[in-house]
Amino acid sequence: MNKTLMISVLAAASLLAACGGSDDEPVAVEQPAGEVSASASASSIGLVAYLTEWSLGTADTQTQVSIASFAPPLPDNTPPEALK
Numbered sequence: 004m005n006k007t008l009m010i011s012v013l014a015a016a017s018l019l020a021a022c023g024g025s026d027d028e029p030v031a032v033e034q035p036a037g038e039v040s041a042s043a044s045a046s047s048i049g050l051v052a053y054l055t056e057w058s059l060g061t062a063d064t065q066t067q068v069s070i071a072s073f074a075p076p077l078p079d080n081t082p083p084e085a086l087k
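Numbered according to our numbering, the sequence shown spans residues 4 to 87.
Set out below in structure tokens:
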């Protein structure tokens, strides 16, 4: 086998072996601070109002929201609201 090829293979193997885990602590995931309001689950109009209000905030004021309690009604018989 060619010496250059053998050295290249060994160098690549040692570089790949050096890629591994770090000693850093795992990053903690923040738990959602709020929940979707009950009015957002009541109707499509309530959902649009909630999302509009929530989206007007800035990235500094918005918090993570848990959707565990979000349960929109099925089927929603209200007519669709035009987007603004």
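Ideal Cβ positions, reconstructed from N, Cα and C, are used throughout, including at glycine.
Taking C-beta separations shorter than 8 Å and ignoring five residues to either side along the sequence, the partners of L54 in its chain run A43, following chain order.
Beta bridge pairing from DSSP links S69 with E38. Per DSSP, A52 is one residue of the alpha helix (DSSP H) stretching across S47 to S58. Exposure of L19 is indicated by the presence of fewer than 16 other C-beta atoms within 10 angstroms of its C-beta. Taking every protein chain shown into account, the CB of L50 has 16 or more other CB atoms within 10 angstroms, so this residue is buried. Assigned with DSSP and collapsed to three states, K87 falls in coil, not helix or strand.
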